[in-house]
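Everything below concerns the one structure shown next.
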Amino acid sequence: MEVKTVGKTRIAIIGGGVSGLAAAWHLVQSSSTSTSSDGGDGGGGSSSSSSSPYDVILFESEGRLGGHAHTLRLNTRTRTCVEYANGASVHSTTTNIADADATVLVVEEEDGKRNDDGMVDVDVGFMVYNPVNYPNMTRWFDRLGVRGEDTDMSLSVSLDDGIREWSSRSLRGLLANPLQLFKSEFRSFLSDLTRFNVEAGDLLLLPRDDPRRMVTIGEYLTREGYTVAFATYYLLPMMAALWSSSHEDVLSFPATSLIEFMCNHRMLQLFDRPVYQTPAGRSIEYTGVMARILGDGARTRTPIVSLKKFRRASTGLVEYELFTTDGVSVGTFDHVIFACHSPQAARILESNNIDAAAAASAACDDDDDDTALVDRGLIDALRMIEYGDNVVYVHSDPRLMPTRKCAWGAWNCMGKSSLLASRIASRREGEAMEGSASGFGNRLTSSSSDDDVRGDVANVNGDGASLEGEDGRMRAVYVTYHLNRLQNLKTSTDVFVSLNPHVPPKSELVYRRQIMAHPQFNVRTHAGRSMVRDLYQGKSGLWFCGAYMCYGFHEDGCRSGFEVATSINGIPLPWANGMDDGDTAVTAAPTTTTMVLPPPDLARSNHERNDGPYRRLKRLLTYRLPVAICKALVTRFLKSAITRGRLILKLNDGSLLSFGDGSACGDDSRPVTARVYDDWFFVKVATEFDLGLARSYMAGQFLVEGLDDEEGYPWTLRSPGKERTKAETNGVIGDPVGLTRLFLLFVGNRDGGEIGLRSAKQHTYANALQNASGLAISKVGSFVNYLRFKIFMDNSERGGSLKNIHAHYDLSNDLFRTFLDKETLMYSSAIYDAVAAPPAISGRPSSGLMFKGSLEEAQWRKLDTLCDRAQIMPGQTLLDIGFGWGGLSLHAAKKYGCRVTGITLSVEQKALAEERVEKEGLGHLINFEVVDYRVFARRADNRGKFDRVISCEMIEAVGHEHLGEFFWAVEQVLAYDGVLVMEAITTPEARYETYLRSTDFINTVIFPGGIAPSLHALIDASYKWSTLTLEHIDNIGLHYAETLAEWRRRFNANEATVRKMGFDDVFLRGPCSVE
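Going by the working numbering, the sequence shown runs without a break in its numbering and finishes at 1117.
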């Protein structure tokens, strides 16, 4: 164990990649009097001068510095390679990362000159940079004396063995396959590429809290109407190449991050793109300089596997003791900088907690010692940052390049369009809710577990065999880099680097094969790194840096390392404030507080460049003018419609629109505040009325803000127990309870006046909102919606019912599991143990109820109630119409021994219900069938067959015109003395006839074609089509409201699970609108 140097702050850096080297350089150079003014190599061989307040030690598990920046010397004649070492100190040994079958010789650094004997130096993890987008890396390299040379950054895509093939290098490359011009998909790709370059940057101009910014690439492409051809020909392969990710991974990449990256790197423009450079002497040139600067302070072949956190008694300060293999201590430190991959950092920190817990257990100490433990939240956040393994080949096999040489680029994306299109199509087929653009899909499982990642080189699959091929990690596409173009190789032999190829290169053409890990920038990774950066960075002397902190490139790695170093020593980078000699490309205005140059922000300039006269005129006619007209209409309408309570609309320009007198509306005395992010909200409401309001919410054009205090919510809407009502609020759905408050405000104003009277046309005018003269324009949109509903959402026997049931119930069984009760899986109102709410709680006499017990208990109570009302006797036959997932059928069979037949139109429900029956061993009593109730009733052998018929919230799918057919069908199959029990969602009589002549969110979006009948409509249909007699009615409306609220709470609590199923933000906002 090494002791602490007296008077100096000891800093350990774990990881010798670009992040760790950048942090080490600044900590050493900024306070070292021996540093030469011109940068150079610092002239030193130590990581600390006598005047430096810091003692810096960098630990690297490999035998070299640089991480992914890895230089090899290839012999293109013998197909062998030599791995450079860079002069760093060796303190322990570890296995070399190269495959055993590769020819690898570790040698000391040479001068890096190429000769003509087939020898050429290449970088496997190559480095490219430019002064605009890589300001810190460029200036750092200038300080180190690293020479740069221009490089080619062209992109090519080759799919289906060259049938679909193009390159960005030239017009000839773009038309590498001239026959593509005759294909509509290729023209669609070119058209969408132009549109994307012009319009994509607009996403970055939305307010930071706008939920429409919080979408994945897959969701963005679908929402904006981009074609599959655009995603297949360009965006997905390009992203896979940039981030070494599968197309499924890149589809879950946050759209703002990609577009921001492309905008700042000027990839959304055809001209004035930056010229990239690469180290002329390869990356060994900069790592060699750093090795000399750090001297004995850089310890290669010294993996850090664990640490121990403790508080030194003499100082009272927290310190860390680090351990390498076999439990050997390498010293104690005041600060630890984790410049390694995040899963490795999590494992090291976890080791401390495991050891501390074991020590406490051995000492029989029940008290947790907070000073000895690392925050569990930090470890969990690090594990959220995902890495994916890639098999990397260095080779000379041209089969892994585009078919036509004119299509060869520096970055070459190879693959099969069918694999891309099949994934995209499967997601689009899975979208059932209108307006719920589920996107091209999200990754269902993590590409690798944390335990599989080993520092810079991770090997999930042993030799990595399962990473390759069409079923490998990158699946539809793989990437081949042409190093001759990227690194200006002076050799006639083509040298390539391929990641996860579908077919491995010929063995005789392979120089090296290894496995490397890259960060995967999905939503989970972004959330994890935000937590690390905002909550834990620098806490208790623990620091984290790496390329994963931003876009994943070398500039991001070195910038994050510099940010950590400047945070520790408080000294800005030499070039941060425009003081660097010869600095000609400062990307930020010089200020005295700038510590590290930030990445450029070119979103506004990109928008101004693309905002030509045609686009401005189009926006005026198609957006600003309609918004101005509809905003005036909706404002006038709301002033007359909202007279009680208070509705506040917050607009993007900071202005507020307020409606109502501010008095209490029902139990709610607080104003309802809606944040309007897109003024198209006014157009949707004006033209489609209430359905437009719902669609606007689902599209993220507005959200309802939550209240600051729990007591502000009406007592009827508060979460049960100790849960906070506002806990469900987030930037994607807003405050779902607030959305309920908005609806109750509308209802309170609708029903607060005189009772509506029927007109001669036999429809009510009770709904003040709908019939306000200020929104006469909405009649047009409402009529169009009504026509669509009647034409495309019928519930006829000729397929309409089947289509509508499939659109809702066959979404995903796992989706419904996220919010239904865990025991019965009943998708209908529960019946809670309830008592009348005392005036002391409601503040006044109230008809409200207070509910007790869980949803599971309430659903069992409902099943017992249905069976009691049906007067079921042991051994009777029961028909369960619309059996859902079999909850009622299972209950009746188990409790009463009934012989149950269930019918449905949902294939997914039947499959899961049969699994449950088999698990319970009740197959001899229960039989399920997918069949329309009318077809079932016409079968002669079903005539009078069933003693009891129960239909639990299935009647809503029948439709008003077919209510009579339902009662006819029931009477056909019911025994002479049989009993029918129905549970139904109903509409009040006073609004029913208007309801039939309109559409709403429920029957258009959630339950296509559905109708909630009135009680009179049910009785009238039963009277006209059957001889059934009504004997009993229970009203459980308040129980249904509580059931919906509990479903909403559970659904929102499982947001992450729902996202993993491929459902997007639009879908997530849907259930919040139902309640």
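Ideal Cβ positions, reconstructed from N, Cα and C, are used throughout, including at glycine.
Residue burial is scored here from C-beta neighbours: Ile396 has fewer than 16 other C-beta atoms within 10 angstroms and is therefore classed as exposed. DSSP, reduced to helix, strand and coil, places Thr1069 outside both helices and strands of the structure shown, so it counts as coil.
Within its own chain, the residues whose Cβ lies closer than 8 Å to the Cβ of Lys936, once the five positions on either side in sequence are excluded, are Glu962, Leu964, listed in chain order. Counting along the chain, the unbroken alpha helix (DSSP H) around Arg334 starts and ends at 326-336.
Inclusion of Gly890 and Thr758 in the CB contact set at 8 Å is warranted, their separation being smaller than that value. Residue state for Cys592 is assigned as coil, using DSSP reduced to three classes. Residue state for Tyr523 is assigned as strand, using DSSP reduced to three classes. Three or more Cβ pairs drawn from the region 1014-1024 and the region 979-995 lie within less than 8 Å of each other, which places the two stretches in contact.
Relative to the Cα of Arg686, the nearest Cα in the group Glu960, Leu675, Cys672, Asp709 belongs to Asp709. Leu1057 and Gly1006 have their C-alpha atoms roughly 13 Å apart. The beta-carbon distance between Ser325 and Gly108, rounded to whole angstroms, is 6 Å. This is short enough to meet the 8 Å contact definition.
Counting only residues of its own chain and dropping the five nearest sequence neighbours on each side, Ala878 has a CB closer than 7 Å to the CB of Leu891.
Nearest to Thr180 by C-alpha distance, out of Arg601, Asn1096, Leu947, is Arg601. Runs of the alpha helix (DSSP H) lying entirely within the region 152-207 and spanning at least 4 residues, in chain order: 177-186. With 16 or more other Cβ atoms inside 10 Å of its own Cβ, Asp721 counts as buried.
Of the residues Phe231, Gly457, Asp165, the one whose Cα lies closest to the Cα of Ala282 is Gly457. One alpha carbon belongs to Ser72, the other to Asn432, and they sit about 37 Å apart. Burial check for Val714: the Cβ neighbour count within 10 Å reaches 16 or more, so the residue is buried. For Cys123, no alpha helix (DSSP H) encloses it; the enclosing beta strand (DSSP E) starts and ends at 122-126. The Cβ atoms of Leu69 and Ala340 lie no closer than 8 Å to each other. Scanning Ala872, Gly924, Gln918 for the CA closest to the CA of Gln901 turns up Ala872. Taking C-beta separations shorter than 7 Å and ignoring five residues to either side along the sequence, the partners of Ala388 in its chain run Ile421, Leu424, Arg425, Asp492, following chain order. Approximately 6 Å separates the beta-carbon atoms of Ser371 and Glu363; this is inside 8 Å, confirming the contact. Rounded to whole angstroms, the separation of the alpha carbons of Cys707 and Leu787 is 6 Å. In the same chain as Glu971, and ignoring 5 residues on each side of it, the C-beta atoms closer than 6 Å to its own belong to Ile945, in chain order. Taken in chain order, the complete beta strand (DSSP E) segments of 3 residues or longer contained in the region 702-787 are 714-718, 744-746. Around Gly160, the same chain offers Asn117, Thr118, Arg119 as residues with beta carbons nearer than 7 Å, after the five sequence neighbours per side are excluded. No residue range can be given for Ala449, since it is assigned to no beta strand (DSSP E) and is classified by DSSP as neither H nor E. Residue environment analysis places Leu659 among the exposed positions, since fewer than 16 neighbouring C-beta atoms fall within 10 angstroms of its C-beta. Per DSSP, Trp1089 is not a residue of any beta strand (DSSP E); the alpha helix (DSSP H) it occupies stretches across 1079-1095. Looking at the DSSP output, His560 bridges to Gly430. Here DSSP, grouped into helix, strand and coil, assigns Val378 to strand. Between Leu442 and Thr193, the C-beta spacing is not below 8 Å.
The residues Ile379, Val606, in chain order, have a CB closer than 6 Å to that of Trp585 in the same chain once the five nearest residues on each side in sequence are set aside. Taking C-beta separations shorter than 7 Å and ignoring five residues to either side along the sequence, the partners of Ser705 in its chain run Arg686, Gly687, following chain order. As the crow flies, the alpha-carbon of Phe744 is around 16 Å from that of Leu680.
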